[in-house]
Amino acid sequence: MIEVLQSWLDIGKATLSLQRQGLPTHITVQKNWDQFLLAQELLHTPNSSAILDLGCGDCCTLKFLAALGFSDLSGIDLHLPQASSTLPYKLAQGDLMNTSFTEQSFDGAVSISVIEHGVDLKAFFHEAHRILKPGGMLFVTTDYWKDKVEIASSIRPFGLSWQIFSKAEIEEAIAIAQTCGFELKQNTAIPPCKDKTVTWYDKDYTFIALTFRKLTS
Numbered sequence: 001m002i003e004v005l006q007s008w009l010d011i012g013k014a015t016l017s018l019q020r021q022g023l024p025t026h027i028t029v030q031k032n033w034d035q036f037l038l039a040q041e042l043l044h045t046p047n048s049s050a051i052l053d054l055g056c057g058d059c060c061t062l063k064f065l066a067a068l069g070f071s072d073l074s075g076i077d078l079h080l081p082q083a084s085s086t087l088p089y090k091l092a093q094g095d096l097m098n099t100s101f102t103e104q105s106f107d108g109a110v111s112i113s114v115i116e117h118g119v120d121l122k123a124f125f126h127e128a129h130r131i132l133k134p135g136g137m138l139f140v141t142t143d144y145w146k147d148k149v150e151i152a153s154s155i156r157p158f159g160l161s162w163q164i165f166s167k168a169e170i171e172e173a174i175a176i177a178q179t180c181g182f183e184l185k186q187n188t189a190i191p192p193c194k195d196k197t198v199t200w201y202d203k204d205y206t207f208i209a210l211t212f213r214k215l216t217s
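Counting from 1, position 128 in the sequence shown corresponds to residue 128 in our numbering; the numbering is continuous, with no gaps.
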């Protein structure tokens with residue numbers, strides 16, 4: 001599956017859908033589109049499934065997954081929020097490209113707005129493949145625009161490098177994922193861009209979402 005956020009109408013529809021279901025909405029309203037798509041991708045996934053958030057940050061996605069009813073949740077990030085013994089998920093501090101998780105221990109993994117911040121894609125997909133069970137889902141979103149948007153190396157959100165993926169770079173990322181043992185789930189063509197729905201650091205762009213599945217053989 002490949003989807004591109006096309007317009008603010010899509011953001012509004014996603015936000016309204018989450019609100020009507022009583023699900024938490026994101027402080028950054030555009031990210032409701034990511035969470036809406038994630039909920040759709042997990043619609044027929046058992047709530048007992050083990051799911052890992054690769055680059056969990058402030059745990060918004062883990063909280064959203066918990067609200068969906070998932071109970072076996074884990075997250076990993078270089079920097080974690082203050083831990084609490086009452087959290088409905090487990091947290092590990094570390095490098096998402098080189099984790100200590102057991103091989104084939106997760107049914108699914110998600111990575112929302114992470115890979116644009118200096119992630120080595122070959123290492124990322126290789127590690128995701130290692131920790132996912134055969135047939136496991138990998139849901140990824142990132143910053144996107146069809147043409148290359150140049151970003152000065154001095155711009156370092158969260159102290160990390162930042163890129164907005166172009167169509168050519170997304171095609172390269174898909175090819176890397178395939179060499180690491182993944183296939184795209186349905187809709188393998190990259191949709192056209194319409195509106196630039198996001199502005200950050202004076203750069204205008206949108207989001208793209210991709211759902212991969214680990215090959216079973």
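Beta carbons are placed, not taken as given, at the ideal position from N, Cα and C, and that holds for glycine.
Spatial neighbours of residue i in its chain, beta-carbon cut-off 7 Å, leaving aside the 5 residues before and after
i    : result
F70  : N47, S49 and I51
G181 : H129, K214 and L215
CB of residue i within 8 Å of CB of residue j, strictly
i    : j    : result
M1   : L210 : yes
S74  : K90  : yes
K133 : F101 : no
S7   : T141 : no
D143 : F207 : yes
L184 : G118 : no
D95  : L78  : yes
Boundaries (first-last residue) of the alpha helix (DSSP H) holding residue i
i    : result
D10  : W8 to R20
F70  : F70 -> no alpha helix (DSSP H), and no H or E assigned at all.
A168 : K167 to T179
Beta-carbon proximity list for residue i, same chain, < 6 Å, skipping 5 on both sides
i    : result
A92  : I76
A123 : M97
Q186 : M1
Buried or exposed by the 16-neighbour rule on C-beta atoms within 10 Å, applied to residue i
i    : result
E172 : exposed
Y205 : buried
I155 : exposed
D34  : buried
D58  : exposed
Opening and closing residue of the beta strand (DSSP E) in which residue i lies
i    : result
A92  : K90 to Q93
T28  : T28 -> no beta strand (DSSP E), and no H or E assigned at all.
L184 : F182 to L184
T141 : L132 to Y144
T199 : V198 to W200
Same chain, Cβ closer than 8 Å to residue i, five either side skipped, listed in chain order
i   : result
L68 : L23, A39, L42 and N47
D72 : S48, S49, A50 and I51
Do the region 121 to 131 and the region 36 to 45 meet, that is, are 3 or more Cβ pairs less than 8 Å apart? Under the three-pair Cβ rule at 8 Å, the region 121 to 131 does not count as touching the region 36 to 45.
Does the count of Cβ pairs from the region 131 to 151 and the region 160 to 167 closer than 8 Å reach three? The region 131 to 151 is in contact with the region 160 to 167.
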